[in-house]
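Take the sequence shown: its letter number 53 is residue 53 in the UniProt record's numbering, and every next letter is one higher. Note sheet for the following structure.
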Amino acid sequence: IDTVIHFATDCTSTRCYDDPVESIENNVIAFIQFMKCIQSYKKIERFLHISTDEVYGDSNLVADEKGKIEDAVLLPGNPYAATKAACESYAHICCDLFAMPIIILRINNIYGPNQWDVKVIPRFIKLAKNMEKFTVQGSGKQLRSWLYVDDAAEGIQKAVES
Numbered sequence: 001i002d003t004v005i006h007f008a009t010d011c012t013s014t015r016c017y018d019d020p021v022e023s024i025e026n027n028v029i030a031f032i033q034f035m036k037c038i039q040s041y042k043k044i045e046r047f048l049h050i051s052t053d054e055v056y057g058d059s060n061l062v063a064d065e066k067g068k069i070e071d072a073v074l075l076p077g078n079p080y081a082a083t084k085a086a087c088e089s090y091a092h093i094c095c096d097l098f099a100m101p102i103i104i105l106r107i108n109n110i111y112g113p114n115q116w117d118v119k120v121i122p123r124f125i126k127l128a129k130n131m132e133k134f135t136v137q138g139s140g141k142q143l144r145s146w147l148y149v150d151d152a153a154e155g156i157q158k159a160v161e162s
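Here is the structure:
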């Protein structure tokens, strides 16, 4: 094994809010332990860490405003995003300490077939099919980006091969 793609995380936002300590244990502490294992293996040539665009914080875009840029300051707006930002920081430390090449991908919300019905797109589709009301947080004018699962997989593959 010479390449690792790290997806593991508890991304259930309600659980991250309800028990932030467990969220830190599951996302940050487990990541640090995993990185220690990777480092001791000493054969990894490429480490890809899947993060989230949520590390930038909430977007308050209006129609003519520009989006976040890659080197923008990280201002996570929720406990899940805070754990991902912490993992990114630790990944950079490992890169420096162990000369391990690390690629971090900050991927948008992924959607596609067989997605859990607790996620917003399948949940809204299910509610709409049943003619039920659904709740939109905030004013309803917020923008959110979505990435189809096949496009995400293609992007990850290109990052591995780069």
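By construction, the Cβ of each residue, glycine as well, lies at the ideal position given by its N, Cα and C atoms.
Cα-Cα separation between residue 24 and residue 2, rounded to whole angstroms: Indexing the sequence shown from 1 puts residue 24 at position 24. Indexing the sequence shown from 1 puts residue 2 at position 2. Approximately 28 Å between the Cα atoms of the pair.
Residue range of the unbroken beta strand (DSSP E) whose run includes residue 47: In the sequence shown, counting from the first residue as 1, residue 47 sits at position 47. Taken as a continuous stretch (DSSP letters only), the beta strand (DSSP E) holding residue 47 covers 46 to 52.
One or two residues paired with residue 144 in a DSSP bridge: Stepping through the sequence shown from its first residue, residue 144 is reached at position 144. Looking at the DSSP assignment, residue 144 forms no beta bridge with any residue, so it has no partner.
Exposure of residue 117, with buried meaning 16 or more beta-carbon neighbours within 10 Å: Within the sequence shown, the letter at position 117 stands for residue 117. Looking at its Cβ environment, which holds fewer than 16 other Cβ atoms inside 10 Å, residue 117 is exposed.
Residue 18 versus residue 78: straight-line alpha-carbon distance, rounded: Residue numbering aside, residue 18 sits at position 18 when the sequence shown is read from its first letter. Residue numbering aside, residue 78 sits at position 78 when the sequence shown is read from its first letter. The straight-line gap from Cα to Cα measures roughly 11 Å.
Complete alpha helix (DSSP H) runs within the region 55 to 138 (minimum length 4 residues, chain order): Runs found: 79 to 98 and 120 to 129.
Touching by the beta-carbon criterion (3+ pairs, under 8 Å), the region 83 to 91 and the region 42 to 62: yes
Which listed residue (28, 162 and 144) has its alpha carbon closest to that of residue 108: Here residue 108 corresponds to residue number 108 of the sequence shown, with the count starting at 1. Minimum Cα distance to residue 108 is reached at 144.
Residue 30 beta carbon less than 9 Å from that of residue 56: Numbered from its first residue, the sequence shown carries residue 56 at position 56. Numbered from its first residue, the sequence shown carries residue 30 at position 30. Against a cut-off of 9 Å, the Cβ pair of residue 30 and residue 56 comes out as no contact.
Contacting residues, own chain, Cβ-Cβ under 6 Å from residue 35 (five flanking each side not counted): Position 35 of the sequence shown, counting from 1, holds the residue named residue 35. Taken in chain order, the residues that qualify are 94.
Three-way DSSP call (helix, strand, coil) for residue 14 in this model: Numbered from its first residue, the sequence shown carries residue 14 at position 14. Here residue 14 sits in helix by DSSP.
Straight-line gap, residue 129 to residue 114 (C-alpha atoms, nearest Å): In the sequence shown, residue 129 corresponds to position 129, counting from 1. In the sequence shown, residue 114 corresponds to position 114, counting from 1. Going by the C-alpha atoms only, they are around 17 Å apart.
Beta-carbon separation (whole angstroms), residue 84 vs residue 135, contact threshold 8 Å: The residue given as residue 84 occupies position 84 in the sequence shown. The residue given as residue 135 occupies position 135 in the sequence shown. With a Cβ gap of about 25 Å, residue 84 and residue 135 do not count as contacting.
Reference residue 11, options 69, 102 and 81, closest by Cα: Counted from its first residue, the sequence shown places residue 11 at position 11. The shortest Cα separation from residue 11 among 69, 102 and 81 belongs to 81.
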